[in-house]
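>
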Amino acid sequence: MPSTDDLFRTARALRASTELADRVRRALRMLCDSKAYRMWREGPEQANRFRPEAGQGVEALQEAGLVVDGALAVRVNDREGRLFATDGVWVDARGRVFPFDDESGTMLRLARRLGWATPDAVLDLACGCGHSALGFDAAQRVMLDVNPRALAYAEINRILNQVPSASTVIALNDVRDGVPRGVARGLRGTVLVLANMPFGLAPASGVLPLTSDGGEDGLMLQAAVLESLAALRRELPAVTRLQALMLGLTAGCAAEGRWEWPRRVGDALGEGRARWSLLHDEPVLRIDGRRALANPSPLRDALPALAECTLYVGDAERKSVREAYRTLAARHEREGRPDLAYGAVAVELA
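Residues in the sequence shown are numbered from 118 upward in steps of one, following the working numbering.
1. Could you check if N412 is buried or exposed, using at least 16 other CB atoms within 10 Å of its CB as the buried criterion?
2. Roughly how many angstroms lie between the CA atoms of N165 and A347, to the nearest whole one?
3. Going by C-alpha distance, which of T444, A447, A446, P421 is nearest R435?
4. Under DSSP, the beta strand (DSSP E) around V356 begins and ends at which residues?
5. With C-beta atoms as the reference, is M502 less than 8 Å away from N313?
6. Counting only runs of 4+ residues fully inside the stretch 395 to 423, write out the alpha helix (DSSP H) ranges in chain order.
7. Taking 8 Å as the cut-off, decide whether the C-beta atoms of E352 and A283 are in contact.
8. Work out the CA separation of R375 and L251 for me, nearest whole Å.
9. Between the stretch 194 to 206 and the stretch 228 to 243, do at least 3 Cβ pairs fall closer than 8 Å?
10. Please name the residue or residues paired with G460 in a DSSP beta bridge.
11. Let me know if M363 comes out buried or exposed under the rule of 16 or more other beta-carbons within 10 Å of its beta-carbon.
12. F125 to A269, Cα distance in whole Å?
13. Would you give the residue range spanned by the beta strand (DSSP E) that L309 belongs to?
14. Looking only at DSSP bridge pairs, what is R258 linked to?
15. Rounded to whole angstroms, what's the CA-CA distance from D195 to R451? Just pull it up for me.
16. Give the secondary structure of R199 by DSSP, where H, G and I count as helix, E and B as strand, and everything else as coil.
17. Only counting runs of 3 or more residues, tell me where the beta strand (DSSP E) segments fall wholly within the stretch 165 to 233, in order along the chain.
18. Just checking my contact of E465 with Q360 at CB under 8 Å: how many whole Å lie between their CB atoms?
19. Use the C-beta contact count for G245: other C-beta atoms within 10 angstroms, 16 or more gives buried, fewer gives exposed.
20. Please report the distance separating the alpha-carbon of L309 from that of G182.
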(Lines of atoms letter the chains of each structure in order from A and count residues from 1; the text may use other names and numbers.)
(Lines give C-alpha, C1' and ligand atoms only; values in the text may rest on other atoms or scores of the structure.)
Protein backbone atom coordinates (compact mmCIF):
# COMPACT_ATOMS: atom_id res chain seq x y z
CA MET A 1 0.00 0.00 0.00
CA PRO A 2 1.20 3.59 -0.48
CA SER A 3 2.53 5.15 2.71
CA THR A 4 1.01 8.38 3.99
CA ASP A 5 4.11 10.18 2.69
CA ASP A 6 3.53 8.57 -0.72
CA LEU A 7 -0.02 9.91 -0.76
CA PHE A 8 1.15 13.43 0.06
CA ARG A 9 3.67 13.11 -2.77
CA THR A 10 0.84 12.11 -5.11
CA ALA A 11 -1.15 15.16 -4.02
CA ARG A 12 1.87 17.39 -4.61
CA ALA A 13 2.41 15.93 -8.11
CA LEU A 14 -1.23 16.45 -9.06
CA ARG A 15 -1.18 19.98 -7.68
CA ALA A 16 1.97 20.80 -9.65
CA SER A 17 0.76 19.46 -13.01
CA THR A 18 -2.74 20.10 -14.32
CA GLU A 19 -1.83 17.89 -17.29
CA LEU A 20 -1.10 14.92 -15.01
CA ALA A 21 -4.22 15.63 -12.95
CA ASP A 22 -6.33 15.63 -16.13
CA ARG A 23 -4.84 12.31 -17.29
CA VAL A 24 -5.38 10.72 -13.88
CA ARG A 25 -8.95 12.01 -13.76
CA ARG A 26 -9.72 10.49 -17.18
CA ALA A 27 -8.08 7.20 -16.22
CA LEU A 28 -10.06 6.92 -12.98
CA ARG A 29 -13.30 7.74 -14.78
CA MET A 30 -12.58 5.00 -17.33
CA LEU A 31 -11.81 2.61 -14.48
CA CYS A 32 -15.02 3.36 -12.57
CA ASP A 33 -17.08 2.95 -15.74
CA SER A 34 -15.72 -0.55 -16.40
CA LYS A 35 -17.89 -3.55 -15.52
CA ALA A 36 -14.93 -5.48 -14.13
CA TYR A 37 -14.07 -2.75 -11.63
CA ARG A 38 -17.68 -2.26 -10.52
CA MET A 39 -18.04 -5.99 -9.86
CA TRP A 40 -14.77 -6.05 -7.91
CA ARG A 41 -15.77 -3.04 -5.81
CA GLU A 42 -19.12 -4.51 -4.77
CA GLY A 43 -18.04 -7.97 -3.61
CA PRO A 44 -15.56 -9.82 -1.37
CA GLU A 45 -12.97 -9.73 -4.18
CA GLN A 46 -12.18 -6.19 -2.98
CA ALA A 47 -10.09 -7.77 -0.21
CA ASN A 48 -7.32 -7.89 -2.85
CA ARG A 49 -6.06 -5.05 -5.04
CA PHE A 50 -7.70 -4.59 -8.45
CA ARG A 51 -5.59 -5.15 -11.57
CA PRO A 52 -6.64 -2.82 -14.40
CA GLU A 53 -6.28 -3.92 -18.00
CA ALA A 54 -3.70 -2.30 -20.24
CA GLY A 55 -5.04 0.76 -21.99
CA GLN A 56 -7.13 1.95 -19.01
CA GLY A 57 -4.86 4.92 -18.40
CA VAL A 58 -2.48 2.75 -16.41
CA GLU A 59 0.56 4.86 -17.34
CA ALA A 60 -0.95 8.01 -15.82
CA LEU A 61 -1.93 6.13 -12.67
CA GLN A 62 1.56 4.66 -12.38
CA GLU A 63 3.10 8.11 -12.78
CA ALA A 64 0.88 9.40 -9.97
CA GLY A 65 1.70 6.45 -7.71
CA LEU A 66 -1.86 5.07 -7.81
CA VAL A 67 -0.90 1.87 -9.64
CA VAL A 68 2.00 -0.12 -8.19
CA ASP A 69 3.29 -3.44 -9.55
CA GLY A 70 0.42 -3.61 -12.02
CA ALA A 71 -2.34 -3.30 -9.39
CA LEU A 72 -4.37 -0.38 -8.14
CA ALA A 73 -2.82 0.91 -4.91
CA VAL A 74 -6.06 2.57 -3.76
CA ARG A 75 -9.81 2.08 -3.95
CA VAL A 76 -11.73 4.53 -6.13
CA ASN A 77 -15.37 5.46 -5.58
CA ASP A 78 -17.52 7.58 -7.87
CA ARG A 79 -20.68 9.37 -6.84
CA GLU A 80 -22.70 11.74 -9.00
CA GLY A 81 -19.76 12.33 -11.31
CA ARG A 82 -17.23 12.95 -8.53
CA LEU A 83 -14.20 10.75 -7.96
CA PHE A 84 -12.75 9.70 -4.62
CA ALA A 85 -9.53 7.80 -4.00
CA THR A 86 -9.32 6.11 -0.61
CA ASP A 87 -7.89 3.06 1.12
CA GLY A 88 -9.05 -0.43 0.25
CA VAL A 89 -9.95 -2.95 2.92
CA TRP A 90 -6.57 -4.64 2.42
CA VAL A 91 -4.88 -1.72 4.22
CA ASP A 92 -4.04 -2.24 7.92
CA ALA A 93 -7.21 -1.42 9.87
CA ARG A 94 -5.23 0.49 12.53
CA GLY A 95 -4.57 3.41 10.17
CA ARG A 96 -6.96 2.80 7.31
CA VAL A 97 -9.04 5.60 5.81
CA PHE A 98 -12.71 4.64 5.47
CA PRO A 99 -13.18 2.78 2.16
CA PHE A 100 -16.91 3.15 1.49
CA ASP A 101 -18.99 6.06 0.20
CA ASP A 102 -22.61 4.93 0.67
CA GLU A 103 -23.02 6.79 3.98
CA SER A 104 -21.92 10.05 2.35
CA GLY A 105 -24.52 9.49 -0.35
CA THR A 106 -27.12 9.05 2.38
CA MET A 107 -26.10 12.36 3.98
CA LEU A 108 -26.39 14.20 0.67
CA ARG A 109 -29.86 12.76 0.01
CA LEU A 110 -30.98 13.72 3.52
CA ALA A 111 -29.66 17.25 3.06
CA ARG A 112 -31.61 17.59 -0.17
CA ARG A 113 -34.76 16.32 1.51
CA LEU A 114 -34.34 18.94 4.25
CA GLY A 115 -33.48 21.74 1.82
CA TRP A 116 -29.94 21.89 3.25
CA ALA A 117 -27.95 20.82 0.17
CA THR A 118 -26.53 24.24 -0.77
CA PRO A 119 -25.10 25.82 2.40
CA ASP A 120 -22.62 28.67 2.35
CA ALA A 121 -20.10 26.51 4.21
CA VAL A 122 -19.65 22.82 4.98
CA LEU A 123 -17.74 21.76 8.10
CA ASP A 124 -16.93 18.04 8.21
CA LEU A 125 -15.80 16.88 11.65
CA ALA A 126 -14.42 13.53 10.43
CA CYS A 127 -13.85 14.00 6.73
CA GLY A 128 -11.98 10.82 5.85
CA CYS A 129 -11.02 11.07 2.19
CA GLY A 130 -13.60 13.83 1.58
CA HIS A 131 -16.57 11.73 0.43
CA SER A 132 -19.09 13.96 2.22
CA ALA A 133 -17.68 17.49 2.18
CA LEU A 134 -16.57 17.32 -1.46
CA GLY A 135 -19.98 15.95 -2.43
CA PHE A 136 -21.72 19.20 -1.52
CA ASP A 137 -21.77 22.40 -3.53
CA ALA A 138 -20.63 25.07 -1.09
CA ALA A 139 -18.65 28.30 -1.27
CA GLN A 140 -16.42 27.16 1.60
CA ARG A 141 -15.35 23.76 2.89
CA VAL A 142 -13.61 22.90 6.15
CA MET A 143 -12.48 19.28 6.35
CA LEU A 144 -11.09 17.98 9.64
CA ASP A 145 -9.80 14.55 10.59
CA VAL A 146 -7.64 12.96 13.28
CA ASN A 147 -5.79 10.80 10.72
CA PRO A 148 -3.07 12.51 8.61
CA ARG A 149 -3.54 9.81 5.97
CA ALA A 150 -7.15 10.93 5.51
CA LEU A 151 -5.97 14.49 4.90
CA ALA A 152 -3.64 13.31 2.11
CA TYR A 153 -6.54 11.60 0.38
CA ALA A 154 -8.78 14.63 0.94
CA GLU A 155 -6.24 16.83 -0.86
CA ILE A 156 -5.92 14.34 -3.73
CA ASN A 157 -9.69 14.30 -4.09
CA ARG A 158 -9.99 18.06 -3.87
CA ILE A 159 -7.67 18.26 -6.88
CA LEU A 160 -9.41 15.45 -8.79
CA ASN A 161 -12.77 17.16 -8.33
CA GLN A 162 -11.36 20.60 -9.20
CA VAL A 163 -12.41 22.24 -5.95
CA PRO A 164 -10.53 25.54 -5.41
CA SER A 165 -7.87 25.43 -2.71
CA ALA A 166 -8.60 29.05 -1.76
CA SER A 167 -12.03 28.09 -0.42
CA THR A 168 -10.98 24.81 1.24
CA VAL A 169 -9.39 24.13 4.61
CA ILE A 170 -8.05 20.61 5.24
CA ALA A 171 -6.67 20.25 8.75
CA LEU A 172 -5.65 17.76 11.42
CA ASN A 173 -8.07 17.78 14.35
CA ASP A 174 -9.58 15.45 16.93
CA VAL A 175 -13.31 16.10 17.41
CA ARG A 176 -12.80 15.47 21.13
CA ASP A 177 -10.82 18.72 21.19
CA GLY A 178 -13.67 20.65 19.57
CA VAL A 179 -13.31 22.78 16.43
CA PRO A 180 -10.24 25.05 16.11
CA ARG A 181 -11.30 28.60 16.94
CA GLY A 182 -9.60 30.18 13.96
CA VAL A 183 -11.56 27.91 11.64
CA ALA A 184 -14.87 28.60 13.33
CA ARG A 185 -14.42 32.36 13.25
CA GLY A 186 -14.11 32.32 9.46
CA LEU A 187 -17.50 30.66 8.86
CA ARG A 188 -20.39 32.82 7.71
CA GLY A 189 -23.94 32.51 6.38
CA THR A 190 -25.51 29.05 6.60
CA VAL A 191 -23.05 26.51 8.00
CA LEU A 192 -23.79 22.79 7.62
CA VAL A 193 -21.86 20.53 10.01
CA LEU A 194 -21.42 16.94 8.85
CA ALA A 195 -20.69 14.25 11.43
CA ASN A 196 -20.29 10.73 10.10
CA MET A 197 -18.31 9.43 13.03
CA PRO A 198 -17.26 5.80 13.66
CA PHE A 199 -20.51 4.30 14.98
CA GLY A 200 -20.28 0.51 14.80
CA LEU A 201 -21.09 -1.30 18.03
CA ALA A 202 -17.97 -3.15 19.16
CA PRO A 203 -17.63 -5.58 22.09
CA ALA A 204 -13.95 -4.69 22.54
CA SER A 205 -11.23 -2.50 21.10
CA GLY A 206 -9.70 -3.96 17.94
CA VAL A 207 -12.73 -5.97 16.83
CA LEU A 208 -13.68 -3.28 14.31
CA PRO A 209 -11.36 -0.97 12.35
CA LEU A 210 -10.83 2.41 14.03
CA THR A 211 -12.89 4.03 11.27
CA SER A 212 -15.92 1.96 12.36
CA ASP A 213 -15.44 1.48 16.12
CA GLY A 214 -18.04 3.40 18.11
CA GLY A 215 -17.62 1.47 21.35
CA GLU A 216 -20.13 -0.83 23.02
CA ASP A 217 -23.10 1.44 22.28
CA GLY A 218 -21.88 2.97 19.00
CA LEU A 219 -22.01 6.42 20.59
CA MET A 220 -18.44 6.83 21.84
CA LEU A 221 -17.73 9.88 19.64
CA GLN A 222 -21.26 11.23 19.25
CA ALA A 223 -21.01 13.00 22.62
CA ALA A 224 -17.96 14.91 21.37
CA VAL A 225 -19.95 15.99 18.31
CA LEU A 226 -22.70 17.42 20.52
CA GLU A 227 -20.14 19.32 22.60
CA SER A 228 -18.57 20.72 19.41
CA LEU A 229 -21.96 21.87 18.13
CA ALA A 230 -22.77 23.65 21.38
CA ALA A 231 -19.35 25.35 21.37
CA LEU A 232 -19.73 26.38 17.72
CA ARG A 233 -23.09 27.95 18.41
CA ARG A 234 -21.58 30.02 21.22
CA GLU A 235 -18.65 31.12 19.06
CA LEU A 236 -20.31 31.89 15.73
CA PRO A 237 -22.07 35.23 15.18
CA ALA A 238 -25.77 35.18 16.02
CA VAL A 239 -26.66 35.79 12.37
CA THR A 240 -24.96 32.53 11.34
CA ARG A 241 -27.40 29.73 10.70
CA LEU A 242 -25.97 26.49 12.12
CA GLN A 243 -27.25 23.14 10.89
CA ALA A 244 -25.92 19.64 11.53
CA LEU A 245 -26.42 16.20 10.01
CA MET A 246 -25.24 13.16 11.97
CA LEU A 247 -25.39 9.50 10.96
CA GLY A 248 -25.24 6.58 13.33
CA LEU A 249 -26.34 3.25 14.71
CA THR A 250 -28.27 3.14 17.94
CA ALA A 251 -29.69 0.51 20.24
CA GLY A 252 -33.24 0.89 21.46
CA CYS A 253 -36.72 -0.60 21.34
CA ALA A 254 -38.44 -0.68 17.95
CA ALA A 255 -41.83 -1.63 19.43
CA GLU A 256 -41.85 1.54 21.55
CA GLY A 257 -40.10 3.78 19.02
CA ARG A 258 -37.47 4.50 21.67
CA TRP A 259 -33.83 4.94 20.63
CA GLU A 260 -30.83 5.82 22.79
CA TRP A 261 -29.00 8.21 20.46
CA PRO A 262 -31.81 10.72 19.69
CA ARG A 263 -32.66 10.69 23.41
CA ARG A 264 -29.12 11.79 24.25
CA VAL A 265 -29.18 14.48 21.55
CA GLY A 266 -32.40 15.86 23.03
CA ASP A 267 -30.89 15.84 26.53
CA ALA A 268 -27.79 17.70 25.31
CA LEU A 269 -29.31 20.28 22.95
CA GLY A 270 -32.86 20.59 24.19
CA GLU A 271 -36.10 18.88 23.23
CA GLY A 272 -37.51 19.85 19.86
CA ARG A 273 -34.17 20.85 18.32
CA ALA A 274 -33.33 17.43 16.89
CA ARG A 275 -35.15 15.48 14.19
CA TRP A 276 -34.54 11.75 14.21
CA SER A 277 -34.98 9.83 10.94
CA LEU A 278 -34.90 6.05 11.00
CA LEU A 279 -33.65 5.18 7.52
CA HIS A 280 -36.07 2.35 6.72
CA ASP A 281 -34.90 2.16 3.09
CA GLU A 282 -31.26 1.62 4.19
CA PRO A 283 -30.17 -1.81 5.49
CA VAL A 284 -28.83 -1.62 9.02
CA LEU A 285 -25.32 -3.08 8.51
CA ARG A 286 -22.57 -3.46 5.93
CA ILE A 287 -21.25 -7.02 5.52
CA ASP A 288 -18.55 -7.83 2.97
CA GLY A 289 -18.95 -4.37 1.47
CA ARG A 290 -22.72 -4.55 0.98
CA ARG A 291 -25.55 -3.23 3.14
CA ALA A 292 -27.51 -6.07 4.76
CA LEU A 293 -30.36 -6.82 7.21
CA ALA A 294 -33.62 -4.94 7.68
CA ASN A 295 -33.59 -1.61 9.50
CA PRO A 296 -34.27 -1.92 12.40
CA SER A 297 -33.25 -5.46 13.32
CA PRO A 298 -33.06 -7.35 16.62
CA LEU A 299 -29.61 -6.96 18.14
CA ARG A 300 -29.40 -10.70 18.79
CA ASP A 301 -29.48 -11.19 14.98
CA ALA A 302 -27.60 -8.10 13.81
CA LEU A 303 -24.51 -8.07 16.01
CA PRO A 304 -23.45 -11.72 15.55
CA ALA A 305 -23.89 -11.22 11.78
CA LEU A 306 -20.94 -8.82 11.88
CA ALA A 307 -18.70 -11.76 12.75
CA GLU A 308 -19.49 -13.26 9.34
CA CYS A 309 -17.88 -10.33 7.51
CA THR A 310 -14.84 -11.85 5.79
CA LEU A 311 -13.37 -8.39 5.11
CA TYR A 312 -13.00 -7.61 8.83
CA VAL A 313 -12.94 -10.93 10.72
CA GLY A 314 -10.50 -13.77 10.07
CA ASP A 315 -11.51 -17.42 10.17
CA ALA A 316 -9.38 -18.10 13.25
CA GLU A 317 -11.17 -15.46 15.33
CA ARG A 318 -14.69 -15.72 13.91
CA LYS A 319 -16.10 -17.92 16.68
CA SER A 320 -14.79 -15.74 19.52
CA VAL A 321 -15.97 -12.54 17.83
CA ARG A 322 -19.42 -14.05 17.27
CA GLU A 323 -19.68 -14.96 20.96
CA ALA A 324 -18.49 -11.51 22.04
CA TYR A 325 -21.21 -9.91 19.93
CA ARG A 326 -23.85 -12.26 21.34
CA THR A 327 -22.79 -11.24 24.84
CA LEU A 328 -23.00 -7.54 23.93
CA ALA A 329 -26.44 -8.00 22.35
CA ALA A 330 -27.69 -9.80 25.47
CA ARG A 331 -26.46 -6.96 27.69
CA HIS A 332 -28.31 -4.34 25.65
CA GLU A 333 -31.43 -6.51 25.70
CA ARG A 334 -31.32 -6.85 29.49
CA GLU A 335 -31.11 -3.06 29.73
CA GLY A 336 -34.23 -2.57 27.60
CA ARG A 337 -32.58 -2.06 24.22
CA PRO A 338 -33.30 -5.21 22.16
CA ASP A 339 -33.06 -3.64 18.70
CA LEU A 340 -30.57 -1.89 16.42
CA ALA A 341 -31.41 0.98 14.08
CA TYR A 342 -29.49 2.97 11.48
CA GLY A 343 -30.59 6.56 11.26
CA ALA A 344 -29.78 10.23 11.14
CA VAL A 345 -30.22 13.18 13.43
CA ALA A 346 -30.75 16.63 11.94
CA VAL A 347 -30.24 19.62 14.22
CA GLU A 348 -30.73 23.33 13.63
CA LEU A 349 -29.27 25.71 16.21
CA ALA A 350 -30.59 29.16 15.36
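No residue lacks a Cβ here, since even glycine has one placed at the ideal position from N, Cα and C. The structure presented is a predicted model; accordingly, all values stated were derived computationally and were not measured.
In short, the structure shows the following:
1. buried
2. 43 Å
3. P421
4. Element bounds for V356: n/a, residue is neither H nor E.
5. This structure leaves residue 502 out entirely; the chain is present only between 118 and 467.
6. 416 to 423
7. no
8. 34 Å
9. no
10. G365, L395
11. buried
12. 5 Å
13. 307 to 312
14. V239, T285
15. 42 Å
16. strand
17. 192 to 196, 199 to 203
18. 5 Å
19. buried
20. 34 Å
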